[in-house]
Amino acid sequence: MLLTSILCLPLAVGLACLFARPRKVLEFLNLLGFAVGLGLAVKLFKTVLANNGAALTECGEFLRADALSAWMTLLIAVVSLAASIYAVPYLRRDLAEGVVSGRRFREYYVLTPFFAAGMLLVVLANSLGVMWIAVEAVALCSVLLVALYNKRTSLEAAWKYVILGGLGLVLALFGTIFTYAAAIGKTGAETMPSFNWSHLLAQAPQLDHHLMTLAFILVLVGYGTKAGLAPMHTWLPDAHSEAPSPTSAMLSGVSLKIAIYALLRFYILAAACLGSGLSRHLLLGFGLFSMLLAGPFILVQKNLKRMLAYSSLEHVGLICAAIGMNAPLTVFGAMLHMGYHALAKPVLFFAAGNIHQQRHTLDFRRLGGGLGKTMPVTALLLGLGAVAVSGLPPFGLFVSELTVIAGGFISHYVWVGIVMLAALIIVFCGLLNKIAGLLLGPGDGNGGHARETISAWSVVAMSLPLAMLLLFTFWLPDSLRLLMEQAAAIIRGSP
Amino acid sequence: MSLDLPLILAQTALLLLLALLLSGLIRKWKALLQNRRGPPVWQPFLDLHKFFRKDMVISEHASWVFPLAPYLVFLTSLSAGLLVPMVAAQAPLGLFGGALALVGLLALGRFFLALGGLDPASAFGGMGSSREMTLSAIAEPAMMLAIFTLAISAGSTNLSQIVLASQEPGWKFLDPSHALAFIAMFIVLLAETGRIPVDNPATHLELTMIHEAMLLEYSGRYLALIEWGASIKQLVLMTLLANIFFPVGLAVKTTTATFGLGLLYLAGKLIVLAGIVVVVEMTNAKLRLFRVPDLLSVAFMLAMLALVSTFLFR
Amino acid sequence: MNPDAIQSASNLITLLASVMLVLQLLLAVQSMLITNIRLFALQSFLLAAIAGVVGYAYSAWHVLVVAALTVIAKVIFLPWLLERQVRQIKIEQEIRPFLNMPASMLICGALTVLAYVVARPIPSLERLGSNTLAVAIALVLTGCFLMINRRTALTQVLALLTMENGVMLAAIALTTYGMPLLVEIGIFFDVVVAVMVLGILVFRIRKTFASMDVSKLNELKW
Amino acid sequence: MSLCGYAAGAAGGLLFMRREKWAAAFSFGAAALSGLSGLLAALLFLGSGAAAPSWQGELLPTLIPYIKFSVRLDGLGAFFLMVASLLGCAVSIYSLDYAKGFFGRKNVGVFGAFFNALLLVTTLTFVANTIWLFLIAWELMALTGYCLISFEHEQPETRQAGVLFFIMSHIDTGFIILGFLLLFQVSGDFSFDSLHGLGAKMSAGKRDAAFALFLLGFGIKAGIVPLHIWLPAAHPVAPSNVSALMSGVLIKTGIYGLTLVCFEFLGPPPLWWGVTVLVAGTVSAVLGVLYALMEHDLKRLLAYHSIENIGIILMGLGASLVFLHEGHPVLAALSLIAGMYHTINHAAFKGLLFLGAGAVVRSTHTRNMEEMGGLAKRMPDTAFYFLIGAVAISALPPLNGFVSEWITYQALLQGFGTSESLWRLVFPLGGAMLALTGALAAVCFVKAFGITFLAQPRSEAARNAGEAAPSMRIGMAVLTAACLLLGFFPTAFVRLLDPLTQQLTGRQISGQLSVANGLVLASLTEKAGTVSTPVLVLMGLCLLPIPFVLWLALARKTKTRRGPTWDCGQRGLTPQMEYTATGFSKPVRMIFKALFRPRRDTQRDYDFSPYFATNVRFESHIEEVFVQRLYRPLRILIVRVSRRIRALQAGSIHAYLLYIFITLLLLLIFAL
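Chains as they are written, first to last, in the numbering used here: chain A, 140 to 634; chain B, 60 to 373; chain C, 2 to 223; chain D, 158 to 829.
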């Protein structure tokens, strides 16, 4: 019943918001829903740990949760809670300034729960077909969210997002069908085979190799597009920079990882069927390429949010490459990295949101410097977040990145480690340069802007993830660690 | 360790007196070679006496560094002298510092003299100390290297040890490396004592002077101390040159006879060296300031060559 | 069920599939929007027909359901929707594509060949008509090319839909009985919603940019 | 121990962020105390002469199985801990009043917090016993260092310097990570214990690669030429107490790391390691001092001198490595002692000089020496401390700089005999360059002290300058005392180094270094060379009576009066007539013109003939050849390439679709 409730909760919230009139109620419903959702997610991961390793299924195996999905569920819950907290002051202010109409306001609060629900369905669905449907649903909700502001740029971003995403999804569907067909090819024509991942995995070795290869390639390109792997990433900076900040946070914080998750499911199948050679190296190659490509764009970036988007690109690349190396340490590191990144990135997007609402631009040259003076709180949190995502201690991304690279070294991927390090350093240089230029400097330099008016909500929304990040860096509960290790084991095909 | 006081006192006295005599001698000979009668050999004593009795004028811009310099110049060169074997092969205080200490002490004196030159805010002082320091910055390493050359052969940086080592059989006088080192050392000597191709102690022509420019503001007993210190330094360097390159006749065991002999030898060597210096001064013209570094870097290179060669042909 | 029925069925399927491909090629060179939409409708109809044949030949009823869905969704509803759009924004003529007709024909041909190359080595799946798979892949590839080549927002939507047709064709052709009904229905639902969303976007773009030329959407860069 | 002290200080600083007086008092007080405790701990450890590492321990509950935060204190760590704590203590005392200058302008609480944090992580670096803890501390050091440097971030110069520093130190972290991972690859364990003597197990190529990586990494932090560019940029702009800390402690972490990996981990060194380090040291020493000579920014000048001294330290290390290779552990120990001795000396006198410079800058509000002067009268104590520091750094007897360079010379001289390969040439050449360096350093500090403190004030600010606040003077006094003690009692100090040499070279040679029951410092044997700074001082004192006797005898009746400096009969001297710093170093500039390539531009306005100029403006800039030839071109290249790549994302959706399509096609073609 647990999984169902996890799924239905946001759906219910969304529907309720569809009919609820007063705005306060909308906000309250969202907050409540996601808070409870977080509770349920925690409960889920406890139960998953409890029946150690064995997956937890419901509705006749329609829903299935193993360590990997439990971990993802947790991430989704946390990020969407943070986003919904931040959304309160953000949208209020937008409404007050007439940037969004009342209708769009409601639209946001209706769509966001559906968005979350879709992502939850992705991670909890057992059937690959259903998973695809869910991903598509996620895409559709998020498109409307991206287009929320209805400006030229946001429409353009939305269009690119939906068209590129649509292309990717069609390819992914194609791949999914091939997988299914591969199953049929072996299991005799006459019986209707199940489309469930667990069954497919069980009979993976007998699947038709050629079809599986074809399927994996199509899925890689397809879901890779959604996950923002270079060179299919081109929609990513547009969408992330044009969406309202809470949505950007959810997009880059989890929805990318959801796509990676979907990809991983196929990756596991392919590895089980074909032996991990091809799929691993493809993943590794795309990951490294993404990391390397992110660097130059960040070095000469003009727009704060786009820069953040590119840094997400880099982190996605890191995760994929880490999984591609397929050593126990690297995959564990990838899991760790997913978590830490999901905690760190939203903070930055929130800060960017504050800056945008204060100064109505995200262009570095227009912003000038001295934000440390004009909007100290945001500046402080932005700085901390930047420190975190650029992989500096005391924040966890340092640990996870180093874990991945070290894992690469002992599994004889020395060159990969070196390339990763180089890419990380380049990105760091870009981030440092831009962020330092933004925060430091005399405050009066930019036409005496009023000191920021920052509401407690957004402070909470920004400082909470950072606090958790710091906490989980230095004190990682054994239960979480076990969860991640099990997830890693699943990915490495040895559950 | 053996601190025999009489020896120390003797050498101190020797340094104090012989230094003045030596500079007097050189001045006299130069005069003679210029067909002048020149001042008597003991003229420096009289100068000193005069300076001591004069009143002093101290620049109003000068700070507490200004009076420090004369004492330091005097003391450093004097105590440097005590590290050098003059008559006895075992320098009285040789144990407490070798070549490095010697060079260091002289440098200390120069350091403060340069500061003293800067202190009274006159352009000349600054000019003088700038030039002095720059030139010595090249001269000093050259000297060190020259000494190192011997230090390696002797396996010690203590001057007395070098001299003693040279007494033992199997020590070849002036093998090529030593010859090179000697020439380098001699050039350094000219530079450090402000002799002619580098500097002209006799003139106060503002644009050419180096050493004198620093002393411009000093008067009375301060001037006396500085001059005295300078001449002691000159003596020390010449003795060093004489004794470690031609270590003959130094008293190895301590008897009056050997001491007398050593004293004579020392006098002889110094006279010869002084002669050479005078001849060089008479036959060369003073170099332009910015040609001097070339000369000194020649010395530096020679010394380095010497060092390298000891080390290759062994 | 008697083998020759199956045999004829598979022949029929092959025929229909190849006709779909031909329609696709026509789409690639046709420049009137309305005609494009109609071509697409026809193509979808053929798809439905294939589904019907399969369902009939193998007496797999839910495939018939799929066929029905296809007819409703892709032959009637979506074309109607799109045509309404076109009428609203009063643009019948396609904007000049990047590549002219012969070139695009050439490329489509090449893609089809590639599709056959990719599809050949797959054994044991040609129960339903030979080279249906190849056709499916070809549809997807050419559809993708169509997307790249056309400038109009609507045509891109159309191309996306034709790709989707190809996928469904594969779904029916490869998997004896189509996919589980739930999944099928879900996919249809998603596609319809997707097209509606796209429609909304096209409308808004039309309003803000006063044009349907998506190559004008290039403010966001770097 | 001192760790918690620093932590408390940091916390306190943040706690009292609003009340700046308390903040300053509390945080810097805590820092001083913890520095003191660290000093005591280190002294106790070294004094006990124990060679075995003491008190290993876990710092934090382990978070992930393979990540441990264990710490230990061994000879090497203890020595560097001593250096850090000594300086930390003095600087903290200094800061008590120095921080007052920020009241009202800046948040002193944050400043104190970062200050403590820097000390804390530096200490952690020295006691870390796992790769993880070391790297985390290392990176945090860069972070806090950056925050401190860009504390006064209003000036763009400061911001750029901070960014440069951070980028460089991030790059060096990258190199170090790679190096450590190469080790980890062999050992399979992250704890330092497992890395000891690992070099024996590694293949030669891998060892050399690791060494090269470490040399680059730690070299950047230590500021080896040509990796040093961040150093002269960052030191001047940082608050002076921070500059002192940076050049005293922060760049020493590079030395620490290099020593640690070369002696402990990478096992018996091949010849070329030692030679490389030795040559690198030589080059850094000479170029550092030459560039220092060209500076008229007081703090930049000091920064360049840090480079020079790092070079001298590295000469000791390099020689030691060579000796280890040649199999002369005793000589190795000797030159190691030379390096380490110079390390602490440099910490003492460079810290002192930076504090002095800080006091001067604080009271004249400029770093430009051309606008100072005459301060010896206005701030006599500061002048005295600075003078001591200057004498010490110029390696003049009887102070500590002389002692350590003396040992270095001895090591080099004795090295001449040892080896037979042609490489032995590096010893005499190194010796020569060291001599040159010392002499040039003396020139440079005559200039620094003379122009800054002597003669007439060259600006209004300098004329109105006042003496530094008491705690600042106390801080300087502490370091002055350190310089004097280190200079006068070398044999006593060398005894403290026994655990260190025991740990790294397996020999304890302090016994051979002291003769005449500790009065005289000998180089291994009494014959090989001896020096005794205390006796030299005594000698001077004993000879002092001579001039006084003469004075009493002859000059008792003379009078002394103050008069104007001789001005060639003009109407008084004006500061414009004084010798400037630029003028002072002009001869050197001309001698080394080939290296400096000064860029001059003169513009003269004249009425009728260029020879009667009404107004002449002359500018001479010297830009470092490495910046000119290496770094700037690199930067430009990177930016250009990035702009090229950026064109990939030009906004056309069709192009984007094409990317995906082509990827798909390629994969289909190649994977099938």
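Quick reminder that beta carbons are idealized off the backbone N, C-alpha and C, glycines included. Owing to the predicted nature of the structure, the values given are computational and were not obtained by experimental measurement.
By DSSP's assignment, H778 of chain D forms a beta bridge with D:R756.
Using a Cβ-Cβ cut-off of 8 Å, E197 of chain A does not count as an interface residue toward chain C, since no Cβ of chain C sits closer than that to its own. The C-beta of E381 of chain A has 16 or more other C-beta atoms within 10 Å across all chains shown, which makes the residue buried. The continuous alpha helix (DSSP H) containing V518 of chain D extends over residues 486-521.
Under the Cβ criterion of 8 Å, E311 of chain D is counted among the residues facing chain A. Boundaries of the beta strand (DSSP E) harbouring A679 of chain D: 677-680, taken from the DSSP string. The region 95-181 of chain B contains, as complete alpha helix (DSSP H) runs of 4+ residues, the segments 102-112, 124-140, 158-177 (chain order). Around the C-beta of H353 of chain D, fewer than 16 other C-beta atoms lie within 10 Å, and the residue is accordingly described as exposed. In this structure, the straight-line span from the alpha carbon of T212 of chain A to that of V262 of chain A is close to 7 Å.
It is roughly 14 Å from the alpha-carbon of A204 of chain A to the alpha-carbon of H338 of chain A.
Boundaries for T717 of chain D: no alpha helix (DSSP H) harbours it, while the beta strand (DSSP E) harbouring it runs 717-720, taken from the DSSP string.
Straight-line spacing of the CA atoms in E527 of chain D and G740 of chain D works out to 10 Å.
As the crow flies, the alpha-carbon of A627 of chain A is around 23 Å from that of V274 of chain A.
Ranking A:M140, A:P252, A:V269, A:T318 by CA distance to the CA of M389 of chain A puts A:P252 first. For L170 of chain C, no Cβ of chain D is located within less than 8 Å of the residue's own Cβ. The shortest CA-to-CA distance from S777 of chain D to any of D:R761, D:P755, D:I795, D:P790 is the one to D:P755.
V285 of chain A places its beta carbon less than 8 Å from that of T386 of chain A.
DSSP places R229 of chain D inside the beta strand (DSSP E), whose first and last residues are 227-230. Assigned with DSSP and collapsed to three states, K684 of chain D falls in strand.
Residues of the region 283-313 of chain A with a Cβ closer than 9 Å to any Cβ of chain C, in chain order: L283, A286, N289, K290, R291, T292, L294, E295, A296, A297, W298, K299, V301, I302, G305, L306, L308, V309, L310, L312, F313. At a cut-off of 8 Å between beta-carbon atoms, T209 of chain C makes contact with chain A. Between L310 of chain A and A366 of chain A, the CB-CB gap reaches or exceeds 8 Å. Bounds of the beta strand (DSSP E) holding T196 of chain A are 195-197. Taking the beta carbon of W374 of chain A as reference, the chain D residues within 8 Å of it are Y813, listed in sequence order. At a cut-off of 8 Å between beta-carbon atoms, E296 of chain D makes contact with chain A. Taking a cut-off of 8 Å on C-beta distances, the region 504-517 of chain D does not touch the region 470-479 of chain D, as fewer than three cross pairs fall below it. For the region 95-112 of chain C, the set of positions with a beta-carbon nearer than 9 Å to some beta-carbon of chain D reads F99, L112 in chain order. Contact annotation: the region 284-292 of chain B does not touch the region 114-125 of chain B, with fewer than three C-beta pairs closer than 8 Å. For the region 20-40 of chain C, the set of residues with a beta-carbon nearer than 8 Å to any beta-carbon of chain D is empty. Put simply, the CB of G426 of chain A is far from chain D, with every gap to its CB atoms at 8 Å or more.
When rounded, the separation of the alpha-carbon atoms in L234 of chain A and M514 of chain A is 21 Å. Nearest Cα to R620 of chain D within the set D:L695, D:F543, D:S520, D:V672: D:S520.
Residues of the region 326-346 of chain D that bring their beta carbon within less than 8 Å of a beta carbon in chain A comprise H327, I328, G331, I334, L335, L338, L339, F341, Q342, G345, in sequence order. Interface criterion not met: the Cβ of R152 of chain C is under 8 Å from no Cβ in chain A.
Interface residue (Cβ-Cβ distance to chain A less than 8 Å): L155 of chain C is not classified as such. Within the region 153-183 of chain B, L154, F155, G156, G157, L159, A160, G163, L164, A166, L167, F170, A173, L174, L177, D178, P179, A180, S181, A182 place their CB atoms closer than 7 Å to a CB of chain D, listed in sequence order.
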